[in-house]
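Protein chains: 2
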Amino acid sequence: MKKVSEPTVGRLSLYLRVLTELGESGVGTVSSEELARRAGTTAAQVRKDLSIFGTFGKRGLGYPVDALTEELRRILGLGRRWRVALVGAGRIGRALFGYQDFRRQGFYIEAVFDRDEAKVGQEWNGLVVRSDAELEKALAEEEIDIVIVAVPAEAAQGVVDRVVRAGVRGILNFAPVKLHVPPDVALKTVNMAVELESLSYALANGLAVSRRRGRANRE
Amino acid sequence: MKKVSEPTVGRLSLYLRVLTELGESGVGTVSSEELARRAGTTAAQVRKDLSIFGTFGKRGLGYPVDALTEELRRILGLGRRWRVALVGAGRIGRALFGYQDFRRQGFYIEAVFDRDEAKVGQEWNGLVVRSDAELEKALAEEEIDIVIVAVPAEAAQGVVDRVVRAGVRGILNFAPVKLHVPPDVALKTVNMAVELESLSYALANGLAVSRRRGRANRE
DNA sequence: CGTCCCTTGTGAAACCATTCACAATCAACC
DNA sequence: GGTTGATTGTGAATGGTTTCACAAGGGACG
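Chains as they are written, first to last, in my numbering: chain A, 1 to 219; chain B, 1001 to 1219.
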C-alpha cells in the first residue's frame, strides 16, 4: 500500500460521516463529485484518497455507499471499542466527558484522573475521578488505548511523558503547547488559541492568508 | 509583503507563546534553534516564517525576546479586544464559556445564543443567554467580530449562513461538519471526531501515517 | 581594529499534496 | 451485442511548503 498522508486520513473521516448520512437516507450509490461536494473537497481528491486503499467504485456508476462505509470504518480502525482515559478534570475535561459524542464511533472514556484532591473521589456519571498518583497503574489495569490530555499547559509534557512510559500509544492533547513524543506514539493536538489567533490574523490583515490554489479562505 | 501561508500563521501563535514564556523568565535573546526546539519545529522554519514579516534578528546573536513578542502580537492582530459571540449553549458551548483562557489574548465572549427556549434567559456569569431569533440583530448591536459555532452538525450550516449575512467575518466551528462560507469570511474548524479517528487509524495501522520528512508521528 | 565564531536571512533544491486530463470500464438501452 | 453516456482510476503536471546550504553580518575579545 502506498504512503498515506495525514490530510488524507483526516478526509477519510469526513467521507465516512457523509457516507453514513447518505446510507441512512437510503442512497445506494455516490459519485466522487457528490461525495466531494458534501465533504468540502474535489472529486479528483476523493478518487485519489480512496484509490490508495483499493478500488471501491464502479466506472460509470460511482461508489456503493454501504460497502464503502464499511470499508472506511475498517480502514480507520473503527470496528472495535477504543478505551480512552481523560487526564485533567477541569473545565475542558468535564466538557469532553459530558459531550462524548464520539461514543458513537467507539471511543469510550473508561477513567478520569486529576491531581486536585478535591476532585478525586467525585463521581461522574458512574465513574469515580481517580488520583493522578494512580495514573500509571490504572492505565495498565484498564488497558487504556488513548489518553486525552486536558491539563494546564505547564503540566502537559509531564503527563505525556508518564503516559508514554506507561505504554499508551495514542494521545489527544488539548493543552495549548507543542508536546514531544517518541516516533512510535501518535499525538494530535487541538489548540484553540492557535485557531483563534489565526482568525485574528485573517481579520486584522484583510483575509490575506494564502490558501492552496487560491481557494482563499474557504474550508 | 510575501504571501503568508496558513501553517505559517499557526506557527506564529506557537512562537508567541514560547516568547511570552521566555520573556517572563527574563530571557533577553533567543536563537532560531532554541525557539524552534521549544515550538516543535526547525530553526530554518522559524527563520523563514519570521523573515516574511521583516528582519527581527541579529546575526550571531539571535532574536530579541521582548521586541519580537510585541511584533508577533501586532502581526497577529492581538493588540485589540475581539468581540466574540457563542452560538449554542449546550455542553460544548458551556465548556468554552467556562474555559475562556483566550481572554488573555483579547477574545471576549460578549453574547451567547441558543434556540432552546429552556436555556434562553439563563444567566451565565452575568451574561443572559439570548434567543436564537435575536441573532442577526444582536450580532450587529454588539458589533461582534467572531462567532463560535457550537451547535449540532445539522444546524451548523444554517447558523453560519445567517451569521455571514449579518456581516460577521470570522467563524470558529466546533460542529463536526465541513462548512461553506464566501471567500471573504475566515473559517476555522475544530473537529474532534476527525482527530480521534486519525488516532484510531494510526493505532490500528501501526502508526504508518507518513509525515513530512519521515518525522513520523511527532508533532 | 582585526580576527574568529556564531547566527541570521535567503536563494535554490527537495519534497509532497493537489489538480489535471484522459484512457479504461461499466451499465443501460436499443 | 453494439453504441452511448457517465464515472472511475491514475500518471503527469502543477503549485506550494519545507529543508538545505551558504554568504553576509554582527559581537566579542585580544
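We treat Cβ as the ideally placed atom computed from N, Cα and C, and that holds for glycine.
Q. With alanine 150(A) and valine 87(A) assumed to form a contact (beta carbons below 8 Å), what rounded beta-carbon distance in angstroms separates them?
A. Sequence index remark: in the first sequence, residue 150(A) carries index 150 (1-based). Sequence index remark: in the first sequence, residue 87(A) carries index 87 (1-based). In this structure, alanine 150(A) and valine 87(A) form a Cβ contact; the two beta carbons are roughly 7 Å apart against a cut-off of 8 Å.
Q | Through-space distance from aspartate 49(A) to leucine 16(A), alpha-carbon basis | A | As a first step, residue 16(A) must be located in the first sequence, where it is residue number 16. As a first step, residue 49(A) must be located in the first sequence, where it is residue number 49. If I take the Cα positions, the gap works out to 12 Å.
Q: Keeping to the same chain, check which residues put their C-beta closer than 6 Å to that of valine 1163(B); ignore five residues upstream and five downstream.
A: Position 163 of the second sequence, counting from 1, holds the residue named residue 1163(B). Setting aside the 5 residues that flank it on each side, valine 1163(B) is surrounded in the same chain by Val1147, each with a C-beta closer than 6 Å to its C-beta; the list follows chain order.
Q: Assuming glutamine 1100(B) and isoleucine 1109(B) form a contact by the criterion Cβ under 8 Å, report the distance between their Cβ atoms to the nearest whole angstrom.
A: Translated into positions along the second sequence, residue 1100(B) becomes position 100. Translated into positions along the second sequence, residue 1109(B) becomes position 109. With a Cβ gap of about 7 Å, glutamine 1100(B) and isoleucine 1109(B) count as contacting.
**Q.** Backbone CA spacing between arginine 1047(B) and phenylalanine 1053(B) [nearest angstrom]
**A.** Position 47 of the second sequence, counted from the start, is the residue given in the question as residue 1047(B). Position 53 of the second sequence, counted from the start, is the residue given in the question as residue 1053(B). Their Cα atoms are separated by approximately 10 Å.
Q. Cβ of alanine 1155(B) within 8 Å of Cβ of leucine 1179(B)?
A. By one-based count along the second sequence, residue 1155(B) stands at place 155. By one-based count along the second sequence, residue 1179(B) stands at place 179. For alanine 1155(B) and leucine 1179(B), no; Cβs fall outside 8 Å.
Q) Do alanine 202(A) and proline 176(A) have their C-beta atoms within less than 8 Å of each other? A) Residue numbering aside, residue 202(A) sits at position 202 when the first sequence is read from its first letter. Residue numbering aside, residue 176(A) sits at position 176 when the first sequence is read from its first letter. No, these two residues do not count as a Cβ contact at 8 Å.
Q. Does the region 1007-1016 of chain B touch the region 1034-1045 of chain B, meaning 3 or more C-beta pairs lie closer than 8 Å?
A. Judged by Cβ distances under 8 Å, the region 1034-1045 of chain B makes contact with the region 1007-1016 of chain B, as three or more pairs qualify.
Q. What does proline 243(A) reach in chain B if we use C-beta pairs closer than 8 Å?
A. Given that chain A is displayed from residue 1 to residue 219, the structure contains no residue 243(A) and the question cannot be resolved.
(Q) Which of the three DSSP states is assigned to valine 30(A) in this structure? (A) If you number the first sequence from 1, residue 30(A) lands on position 30. Three-state DSSP puts valine 30(A) in a strand.
Q.
Here's the rule: buried if 16 or more other CB atoms are within 10 angstroms of the residue's CB, otherwise exposed. What is glycine 214(A)?
A. In the first sequence, counting from the first residue as 1, residue 214(A) sits at position 214. A caution first: glycine 214(A) carries a pLDDT of 34, below 50, which makes its placement in the model unreliable, though a value can still be read off. Counting Cβ neighbours within 10 Å, glycine 214(A) comes out exposed, since fewer than 16 surround it.
Q) Alpha carbon to alpha carbon, what distance is there between threonine 69(A) and isoleucine 75(A)? A) As a first step, residue 75(A) must be located in the first sequence, where it is residue number 75. As a first step, residue 69(A) must be located in the first sequence, where it is residue number 69. Cα-Cα distance, rounded: 10 Å.
Q. Tryptophan 124(A) CB to nearest chain B CB: under 8 Å?
A. Here residue 124(A) is taken as the residue at index 124 of the first sequence, counted from 1. Cβ-Cβ to chain B under 8 Å: no for tryptophan 124(A).
Q.
Quick check on isoleucine 1144(B) - is its C-beta less than 8 Å from some C-beta in chain A?
A. For this step, residue 1144(B) is matched to residue 144 along the second sequence. False, the Cβ-Cβ gap to chain A never drops below 8 Å.
Q: Compute the Euclidean distance between the alpha carbons of tryptophan 124(A) and leucine 1187(B), then round it to the nearest angstrom.
A: In the first sequence, the residue the question calls residue 124(A) occupies position 124. In the second sequence, the residue the question calls residue 1187(B) occupies position 187. Between the alpha carbons of tryptophan 124(A) and leucine 1187(B) lies a distance of about 34 Å.
Q) Counting contacts by CB-CB distance shorter than 8 Å, is arginine 83(A) in contact with chain B? A) Locating residue 83(A) in the first sequence gives position 83, counting from the first residue. With 8 Å as the cut-off, arginine 83(A) does not count as an interface residue toward chain B.
**Q.** Reference isoleucine 1092(B); option with closest CA among Arg1059(B), Thr1189(B) and Phe1174(B)
**A.** The sequence position of residue 1092(B) within the second sequence is 92, counting from 1. Among Arg1059(B), Thr1189(B) and Phe1174(B), the Cα nearest to that of isoleucine 1092(B) belongs to Phe1174(B).
(Q) Taking the beta strand (DSSP E) that threonine 1189(B) belongs to, which residues open and close that run? (A) The residue labelled residue 1189(B) in the question sits at position 189 within the second sequence. It spans 1186-1189 - the beta strand (DSSP E) in which threonine 1189(B) sits, taken as one unbroken run.
Q. If we ignore side chains and look at the alpha-carbon of each, how far apart do leucine 19(A) and alanine 67(A) end up?
A. Taking the first residue of the first sequence as 1, we reach residue 19(A) at position 19. Taking the first residue of the first sequence as 1, we reach residue 67(A) at position 67. Take the alpha-carbon of leucine 19(A) and the one of alanine 67(A): they are about 10 Å apart.
Q: Return no unless some Cβ of chain B is closer than 8 Å to the Cβ of valine 9(A).
A: Numbered from its first residue, the first sequence carries residue 9(A) at position 9. Answer yes: the Cβ-Cβ gap between valine 9(A) and chain B drops below 8 Å somewhere.
Q: Answer with buried or exposed for aspartate 116(A), where buried requires no fewer than 16 other C-beta atoms within 10 angstroms of its C-beta.
A: Your numbering for residue 116(A) matches position 116 in the first sequence. Answer is exposed; the Cβ neighbour count stays below 16.
(Q) Please tell me whether glycine 62(A) and serine 25(A) are closer than 8 Å, where the distance is taken between their beta carbons. (A) Residue 62(A) sits at position 62 when you count from the first residue of the first sequence. Residue 25(A) sits at position 25 when you count from the first residue of the first sequence. In this structure, glycine 62(A) lies away from serine 25(A), with their beta-carbon atoms at least 8 Å apart.
Q | Amino acids of chain B, ordered along the chain, whose beta-carbon sits closer than 7 Å to that of arginine 47(A) | A | Taking the first sequence and counting its residues from 1, one reaches residue 47(A) at position 47. Those within 7 Å of arginine 47(A) in chain B number zero; the least Cβ separation is about 18 Å.
**Q.** aspartate 1116(B): first and last residue of the uninterrupted beta strand (DSSP E) it sits in
**A.** The residue given as residue 1116(B) occupies position 116 in the second sequence. Premise fails: aspartate 1116(B) is in no beta strand (DSSP E) and is neither H nor E.
Q) arginine 1130(B): buried (16+ other C-beta within 10 angstroms of its C-beta) or exposed? A) Locating residue 1130(B) in the second sequence gives position 130, counting from the first residue. By the 10 Å Cβ count, arginine 1130(B) comes out buried.
Q) Taking just the CA atoms, how far does leucine 22(A) sit from arginine 59(A)? A) Within the first sequence, residue 59(A) is the residue found at index 59, counting from 1. Within the first sequence, residue 22(A) is the residue found at index 22, counting from 1. When rounded, the distance between both Cα atoms is 20 Å.
Q: Just the chain B side, please: which residues come within less than 8 Å of alanine 91(A) by C-beta, in chain order?
A: As a working mapping, residue 91(A) is identified with position 91 in the first sequence. In the sequence on display, residue 91(A) carries arginine and not alanine. Near arginine 91(A) (Cβ distances below 8 Å), the residues of chain B are Ala1095, Gly1098 and Tyr1099.
(Q) So phenylalanine 1107(B) contacts chain A; which residues on that side make the cut at Cβ distance below 7 Å? (A) Along the second sequence, read from residue 1 onward, the residue named residue 1107(B) stands at position 107. For phenylalanine 1107(B), the residues of chain A that pass the 7 Å Cβ criterion are Leu196, in the order they occur in the chain.
Q: Locate the beta strand (DSSP E) running through isoleucine 171(A), then write down its first and last residues.
A: Position 171 of the first sequence, counted from the first residue, corresponds to residue 171(A). Per DSSP, isoleucine 171(A) belongs to the beta strand (DSSP E) from 170-173.
(Q) Suppose the cutoff is 8 Å on Cβ atoms and the five residues either side in sequence are ignored; what does the same chain contact list for alanine 140(A) look like? (A) By one-based count along the first sequence, residue 140(A) stands at place 140. So the list reads Ala166 and Gly167, once near-sequence residues are dropped.
**Q.** alanine 1095(B) to threonine 1055(B) span [Cα, whole Å]
**A.** Stepping through the second sequence from its first residue, residue 1095(B) is reached at position 95. Stepping through the second sequence from its first residue, residue 1055(B) is reached at position 55. One Cα belongs to alanine 1095(B), the other to threonine 1055(B), and the distance between them is close to 40 Å.
Q: Have a look at valine 1185(B) and glutamate 1143(B) and give me their C-alpha separation to the nearest angstrom.
A: Here residue 1185(B) refers to the residue found at position 185 when the second sequence is read from its first residue. Here residue 1143(B) refers to the residue found at position 143 when the second sequence is read from its first residue. In a straight line, the C-alpha of valine 1185(B) is about 16 Å away from that of glutamate 1143(B).
(Q) Against chain B, which members of the region 34-63 of chain A pass a CB distance test of less than 9 Å? (A) Identification of residues in the region 34-63 of chain A having a C-beta nearer than 9 Å to some C-beta of chain B yields Arg38, Ala39, Gly40 and Thr41, given in sequence order.
Q. DSSP three-state call for glycine 1093(B): helix, strand or coil?
A. Numbered from its first residue, the second sequence carries residue 1093(B) at position 93. Judged by DSSP in its simplified three-state form, glycine 1093(B) adopts helix.
**Q.** Limits of the alpha helix (DSSP H) - the one that leucine 1196(B) falls within
**A.** Position 196 of the second sequence, counting from 1, holds the residue named residue 1196(B). Per DSSP, the continuous alpha helix (DSSP H) segment holding leucine 1196(B) begins and ends at 1192-1204.
Q: Could you pull out every residue in the same chain whose Cβ sits closer than 7 Å to the Cβ of glycine 1090(B), ignoring the five residues on either side in sequence?
A: As a working mapping, residue 1090(B) is identified with position 90 in the second sequence. Same-chain partners within the cutoff: Ala1150.
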